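A quick write-up on the structure given underneath.
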Amino acid sequence: MATKGPYRSVCPFDCPDTCSLSVFKEGGRIIRVTGNSDHPVTKGAICQKVRHLEARTYHPERLMRPMRRRGPKGRLDFEPISWDEAYAEIADKVSAILATYGGEAILPYSFYGNMGVLNSEGMDRRFFHRLGASHLDRTICNAAGSEGFRYTMGVNAGIDPEATVNAKLWVVWGANLVSTNMHQVLYANQARVEGATIVHIDVHENRTAHWADWFIPIQPGTDAALALGMMHVMIAEDLVDHAFIDQYTYGYAALVEHVEAYPPERVAHITGVPASDIIRLARLYGATSPSFIRIGNGLQHHDNGGMIVRTLACLPALTGQWAIAGGGALKGNGAYAALNMDAVQRPDLHPNPGARTINMNQLGDALLQAVPPIKALFVYNSNPALVAPDQNRVRQGLLRDDLLTVVHDLFLTDTCQFADLVLPATSHFENLDLYKSYWHLYLQLHEPVIPPMGECKANFTLFKELAHYMGFTDPCFQDTEEEMIRQALDTPSPYLQGITYEALRAHGWMKLNVPACPLISEPMATPSGKIEFYSERLERLGLSPLPDHSPLANTTPYPLHLISGPNHHFLNSTFGNVARMQQAEREPVVRMHEKDALARKLRDGELVTLFNDQGACTLRVRIGYEVLPGVVVTQGLWWGNGGAGASYHPINALTSQRLSDMGDGATFFSTWVEVKKTHAAGPSVGDV
Ligand SMILES: Nc1nc2c(c(=O)[nH]1)N[C@H]1C(S)=C(S)[C@@H](COP(=O)(O)OP(=O)(O)OC[C@H]3O[C@@H](n4cnc5c(=O)[nH]c(N)nc54)[C@H](O)[C@@H]3O)O[C@H]1N2
Ligand SMILES: Nc1nc2c(c(=O)[nH]1)N[C@H]1C(S)=C(S)[C@@H](COP(=O)(O)OP(=O)(O)OC[C@H]3O[C@@H](n4cnc5c(=O)[nH]c(N)nc54)[C@H](O)[C@@H]3O)O[C@H]1N2
Ligand code: SF4
Ligand SMILES: [Mo]
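Here the sequence shown stands for residues 0 to 687, numbered as in numbering that gives the first Met the number 0.
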């Protein structure tokens, strides 16, 4: 059979790289996916997960028809129904809920399982606004860090990653780049050929640590102290750029006084980083230009995560790095693609704009306690029964018989165990959509590569059709994908001028018009118009106006600090059901320092149970020196649904619904547990 292609596509997953893909087909079926070598950032390279994306697209377990629950909740027991029946049932039940309880009793729960603008935050928003539903605060990922960064810099944006090849010093800080942002690693490798040094600061000696030139292990949640210690040394040794500080910053004198309290010896005690290393790092940072800090998400999944990121964001200003090509920092670049989201989402359709907001990190409590109660839950682009914190509480809420749960997905995820109705979603290959990246600066248009499979429908189509079943006659529910993309591009933002639907169609992608050193426009977007070492806004909120270290408070009786990050071969829980990726990850394990293992009489490779007041989970222990004493690390959001072979691994049974210091973000990594040998045969399944 003749191979056709390449067809242009975009990787839809919640990954900073937002790669451009080349797709090859035979007989109308995708047979190969590669990185697009013409794309200036992708340059032909993609990760292993997506090189085998056809395995997920044509997975034998892909949902092809709508289904209705047969048995009790908690089981995967469904019968097929038609779309008409599904729509009619949803419309009936939702209308009854609206009449009795009002719109706030309805909650959408979604994240970025597909990052396409239309299919992640487009027609769905119009639908839920028109319905008058509760708002969802989408804070599970980067909320704390983004807000922390904004207190310092005014915007949620950093430097252009393409410029980072110029940097001579890289500080990869709480980011597992080799697994989570591979093209940043490719830029680093290029810079390294030109003599750059790569430092990695993490709580886990992971793949990125092995790749870096200098790995600095640190105690979790203490990074602000390390940064303040660096500032102490840099200021004491006058390794700062006074001209830049005078012109662009606010509060330097107060900062100078403040960091006196962070001499290297004290910081060593807080962070576990030897004083000599703190001094060496500070001198290296103070003396090297351009220097680049890649701020990861790991840091800000802590109780004090917002302040940690705010503190790191102050470092480049001390040495004037924001004014140098390739210098500065990057936490996320989502703000540059300032699409016209009001036109896309139509918040004006909401009959009650002041409707309550539910924080997605507190879904468990919301389902069990909210007043008025949540009576209908729509889940799409997310898998809350696995990814949301305090999972036993989430599952308890989802088990409520009086809750209507509709799940739209490509697979029978853990969340589907609790669905009344399961609706089949198209893969992104089947959709027309617009993609922006939260890291690089290219907008990309995605045209369908294959037609919809089975009876699958895109999120866009689902919510558009549901609007008609609900009797919504507003003209915006007639819009096509192309019309909505045109509305999104119709914005006064200077970064988007000249970027049109036609141009995107012709080229596939276009770069945003972001200037070389975008973060030192005058005035800046902070209240003082300067980079804020001192924030009066934080002061008014009762938080420290200066960057600061507040120790994590372990108020539990459990002594070990659990960090449960992402793994290399899954994308959050996506790919957890793809055999090749499961095999590559082998099985869920917990990594523990030898000292902690000896104290608990644990042997390498045996089954152990992690537990605390929230729940328990069983997995295999790996003993060694990858983590510091007192810290345990797991990786990956493994399916409890049979996706992980013998081990059921509900790691979020252990995490809590507590919110971070800023942005009401998730605190997955501020979790404390005890670990014991598993005596009972077989895996533990937590409480539910
Ligand atoms: N392969 C793969 N890629 C992914 C994902 C995936 O699941 N798999 N997920 C995507 C998503 S949604 C996101 S948000 C990003 C996340 O990707 P990253 O930004 O890399 O964030 P994490 O992997 O959550 O955490 C990064 C590192 O922080 C470390 N860490 C935890 N606590 C601390 C601390 O207190 N201090 C320091 N210095 N380090 C700490 C962890 O050990 C981890 O190695 O990756 C995206 N890309
Ligand atoms: N313990 C712990 N928990 C974590 C994290 C951690 O590091 N540790 N990371 C957190 C972070 S940073 C994030 S971002 C969240 C991510 O959590 P989620 O956003 O829930 O991400 P996924 O687990 O990938 O689930 C996405 C789901 O969307 C589905 N999907 C994909 N495309 C479409 C589509 O077009 N339509 C529909 N309807 N569905 C689609 C996928 O099949 C998948 O089931 O997890 C968080 N949870
Ligand atoms: S998951 Fe990330 S690295 Fe892999 S292809 Fe998609 S965007 Fe690229
Ligand atoms: Mo995330």
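Yeah, the Cβ is synthetic: ideal placement off N, Cα and C, and Gly gets one too. Note that the structure is predicted; figures quoted are calculated from it, not measured.
- Query: Per DSSP, which one or two residues make a beta bridge with residue 34?
  - Reply: Note: residue 34 sits in a beta bridge opposite 20.
- Taking DSSP as the reference, what is the three-state secondary structure of residue 291? In the displayed model, residue 291 falls within a strand according to three-state DSSP.
- Query: With distances taken between CB atoms, is the gap from residue 247 to residue 519 smaller than 8 Å?
  - Reply: In this structure, residue 247 sits near residue 519, with a CB-CB distance shorter than 8 Å.
- Closer than 6 Å from C-beta to any heavy atom of ligand 3: which residues, in chain order? Here the list is 10, 12, 14, 16, 17, 18, 45, 46, 48, 49, 181 and 570.
- residue 297 beta carbon near ligand 1 (any heavy atom closer than 7 Å): Within the cutoff, so yes.
- Same chain, Cβ closer than 6 Å to residue 608, five either side skipped, listed in chain order: Setting aside the 5 residues that flank it on each side, residue 608 is surrounded in the same chain by 615, 617, 675, 677 and 683, each with a C-beta closer than 6 Å to its C-beta; the list follows chain order.
- State the DSSP-derived secondary structure class of residue 433, mapped to helix, strand or coil. Reduced to three states, the DSSP call for residue 433 is strand.
- Query: Does the separation of the CB atoms of residue 433 and residue 393 fall below 8 Å?
  - Reply: It is not a contact, given that the beta carbons lie outside the stated cut-off.
- Task: Using alpha carbons as the reference points, say which of 285, 235 and 165 lies closest to residue 193.
- Result: Of the residues 285, 235 and 165, the one whose Cα lies closest to the Cα of residue 193 is 165.
- How about residue 470 and residue 565: are their beta carbons less than 8 Å apart? Contact flag unset, no.
- At least three beta-carbon pairs within less than 8 Å, the stretch 537–552 to the stretch 284–293: Segments in contact, no.
- Inter-residue spacing [alpha-carbon to alpha-carbon] between residue 304 and residue 562: Each residue's CA atom was taken as its position, placing residue 304 and residue 562 some 14 Å apart.
- Query: Could you give the uninterrupted runs of the beta strand (DSSP E) lying entirely in the stretch 50–112, keeping only those of 3 residues or more?
  - Reply: Under the rule that a run must span 3 or more residues, the beta strand (DSSP E) segments found entirely inside the stretch 50–112 read 66–68, 77–79 and 105–109.
- What do you get for residue 73, buried or exposed, if any count of 16 or more other CB atoms within 10 angstroms of its CB means buried? Under this definition residue 73 is an exposed residue.
- Flag this pair as yes or no: are the beta carbons of residue 306 and residue 147 separated by less than 8 Å? Yes.
- Task: Less than 8 Å between the CB atoms is what I'm expecting for residue 102 and residue 130, so what's the real figure, rounded?
- Result: Contact between residue 102 and residue 130 is confirmed by a C-beta separation of about 6 Å, below the 8 Å threshold.
- Message: Do residue 197 and residue 171 have their beta-carbon atoms positioned less than 8 Å apart in this structure?
- Response: Taking 8 Å as the cut-off, the beta carbon of residue 171 is found closer than this to the beta carbon of residue 197.
- Query: How big is the Cα-Cα spacing for residue 329 and residue 350?
  - Reply: Going from the Cα of residue 329 to the Cα of residue 350 covers about 38 Å.
- Task: Would you check if there are 3 or more beta carbon pairs closer than 8 Å linking the stretch 235–242 to the stretch 200–210?
- Result: Contact annotation: the stretch 235–242 does not touch the stretch 200–210, with fewer than three C-beta pairs closer than 8 Å.
- Message: Distance check for residue 15 and residue 133, CA to CA, integer angstroms please.
- Response: The alpha-carbon atoms of residue 133 and residue 15 are separated by roughly 29 Å.
- Which two residues bound the contiguous beta strand (DSSP E) that contains residue 4? Taken as a continuous stretch (DSSP letters only), the beta strand (DSSP E) holding residue 4 covers 2–9.
- Expected contact under 8 Å - CB spacing of residue 420 and residue 89 to nearest Å: Indeed, because the Cβ distance is near 7 Å, the residues count as touching under 8 Å.
- With DSSP collapsed to three states, give me the class of residue 441. Residue state, collapsed to three classes: strand.
- Start-end ranges of the beta strand (DSSP E) lying completely within the stretch 243–302, minimum 3 residues: Fully enclosed beta strand (DSSP E) runs of 3 or longer: 290–294.
- Nearest residue (CA-CA) to residue 145, options 667, 398 and 660: The residue with the shortest Cα to Cα distance from residue 145 is 660.
- Message: For residue 268, count the other beta carbons within 10 Å of its own beta carbon; 16 or more makes it buried, fewer makes it exposed. Which is it?
- Response: So residue 268 counts as exposed.
- Tell me where the alpha helix (DSSP H) around residue 594 begins and ends. Run containing residue 594: 593–598, per the alpha helix (DSSP H) assignment.
- Assign residue 669 to one of three DSSP states: helix, strand, or coil. Of the three classes helix, strand and coil, the one that applies to residue 669 here is coil, per DSSP.
- Message: For ligand 4, I want to know if residue 140 counts as a neighbour, meaning its beta carbon is within less than 7 Å of at least one of the ligand's heavy atoms.
- Response: True, at least one ligand heavy atom lies under 7 Å from that Cβ.
- Item | Per-residue DSSP class, three states only, for residue 175 | Of the three classes helix, strand and coil, the one that applies to residue 175 here is coil, per DSSP.
- Item | Rounded Cβ spacing between residue 611 and residue 653 (contact assumed at less than 8 Å) | The pair is a contact, with the Cβ atoms about 6 Å apart (cut-off 8 Å).
- Could you tell me the distance, in whole angstroms, from the CA atom of residue 242 to the CA atom of residue 286? In a straight line, the C-alpha of residue 242 is about 16 Å away from that of residue 286.
- Task: Count the CB pairs spanning the stretch 107–123 and the stretch 260–278 that are closer than 8 Å, and state whether there are at least three.
- Result: Three or more beta-carbon pairs separated by less than 8 Å are not found between the stretch 107–123 and the stretch 260–278, which leaves the two stretches without contact.
- Item | Residue from 600, 159, 550 and 531 with nearest C-alpha to residue 253 | Selection 600, 159, 550 and 531 evaluated against residue 253 yields 531 as nearest (Cα-Cα).
- Task: Excluding the 5 residues preceding and the 5 following residue 552 in the sequence, name in chain order all residues of the same chain whose CB lies nearer than 8 Å to its CB.
- Result: Apart from the 5 residues on each side of it in sequence, residue 552 sits with its Cβ closer than 8 Å to the Cβ of 302 in its chain, given in chain order.
- Query: residue 643: buried (16+ other C-beta within 10 angstroms of its C-beta) or exposed?
  - Reply: Confidence is the limiting factor: at residue 643 the pLDDT is only 36, short of 50, which leaves the residue's position unreliable, though a coordinate-based value still follows. Residue 643 counts as buried, since no fewer than 16 other beta carbons sit within 10 angstroms of its beta carbon.
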